[in-house]
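Engineer: Residue numbers (mature numbering (1 follows the signal peptide of the UniProt record, and there is no 0)): -26 to -1, 1 to 236.
Each residue gets a CB set at the ideal place from its N, CA and C atoms; glycine is no exception.
Mind having a look at this structure? Questions to follow.
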């Protein structure tokens, strides 16, 4: 009995310690930024930055337009085109948003680009990855008092989360808010569906080129259904603004700043 009691005591104390550590590692904006910088360093090392200043500036311009209507504007956002041929986009804590050059070649309009970036901005604005990172850092704080080591574990975990993605409910939230961000910034909200249509077409043509995106962003058909419902709600709630935004996709701008110079 004494041995069993000791085991229960150890389990209880360990659990209590982990729970208390979660409070200690409630993510500050400073720590979030440090994790983002660490993840960014790894991603740039892995993929490289696409060497085209015009494309980079254009993507940043569109991204910042989305940020200006987002629900979190008290951090600095960074938009980067990665030198990778696969179709992918992702974000990291602290305001880091990425899209691959391969994805850019498949899009047709500025509004579609805005849709991709908007979904990633939502993940940052709503801190979707932060609770998991906090728990990971709390766990590792049990075995070390070195804050730098704990931070490194947080960076590695955040980096690995990019491939894992988020729960489908969280992805749905990102897609729903992204459509709203498009409307707020004057883009046609239907661009969200058209962007997802691009993914769906590519799935049929060359699944391997979009495999990573699908794994981290969930089934495209489900995402389209969710967004269609949201757009219907947006139209009902903001009919005048919705009608004014219809057709505002800017294919010529996209062609000039991306497709013609890649």
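What are the start and end residues of each continuous alpha helix (DSSP H) run of 4 or more residues lying completely inside the region 170 to 218, in chain order?
Structural biologist: The region 170 to 218 contains these whole alpha helix (DSSP H) runs: 181 to 191, 194 to 211.
Engineer: Whose C-beta lies closer than 7 Å to the C-beta of residue 227 among residues of the same chain, with five residues either side of it excluded?
Structural biologist: 84, listed in sequence order.
Engineer: Please state whether the Cβ-Cβ distance between residue 265 and residue 156 is less than 8 Å.
Structural biologist: Lying outside -26 to 236, the shown extent of the chain, residue 265 is not represented and no answer is given.
Engineer: Report yes or no: do three or more beta-carbon pairs, one from the region 202 to 209 and one from the region 60 to 75, lie closer than 8 Å?
Structural biologist: No, the region 202 to 209 does not touch the region 60 to 75.
Engineer: Should residue -1 go down as buried or exposed, given a rule of 16 or more other Cβ atoms within 10 Å for buried?
Structural biologist: Residue -1 is exposed by the Cβ-count criterion.
Engineer: Can you list, in chain order, the residues of its chain whose CB lies under 8 Å from that of residue 125, leaving out five sequence neighbours each side?
Structural biologist: The residues are 5, 8, 9, 12, 111.
Engineer: Using DSSP's beta-bridge definition, name the partner residues of residue 127.
Structural biologist: Residue 127 pairs with nothing; no bridge assigned.
Engineer: Name, in chain order, the residues that DSSP records as bridge partners for residue 73.
Structural biologist: Residue 73 is bridged to 55, 63.
Engineer: DSSP three-state call for residue 98: helix, strand or coil?
Structural biologist: Residue state, collapsed to three classes: helix.
Engineer: In terms of residues, what are the limits of the alpha helix (DSSP H) holding residue 141?
Structural biologist: Element bounds for residue 141: n/a, residue is neither H nor E.
Engineer: If contacts are defined as beta-carbon pairs under 8 Å, then residue 57 and residue 24 qualify, I think. What distance do you get, rounded to the angstrom?
Structural biologist: Rounded, the Cβ-Cβ distance is 4 Å, consistent with contact.
Engineer: Rounded to a whole number of angstroms, what is the C-alpha to C-alpha distance between residue 65 and residue 77?
Structural biologist: For residue 65 and residue 77, the distance between alpha carbons rounds to 15 Å.
Engineer: Where does residue 23 fall in DSSP's three states?
Structural biologist: The answer is strand: DSSP assigns residue 23 an E or B state.
Engineer: How far does the alpha helix (DSSP H) with residue 222 in it extend, from its first residue to its last?
Structural biologist: It is not in any alpha helix (DSSP H) - residue 222 carries neither H nor E in the DSSP assignment.
Engineer: Residue 96 and residue 69: beta carbons closer than 8 Å?
Structural biologist: Taking 8 Å as the Cβ cut-off, residue 96 and residue 69 do not qualify as a contacting pair.
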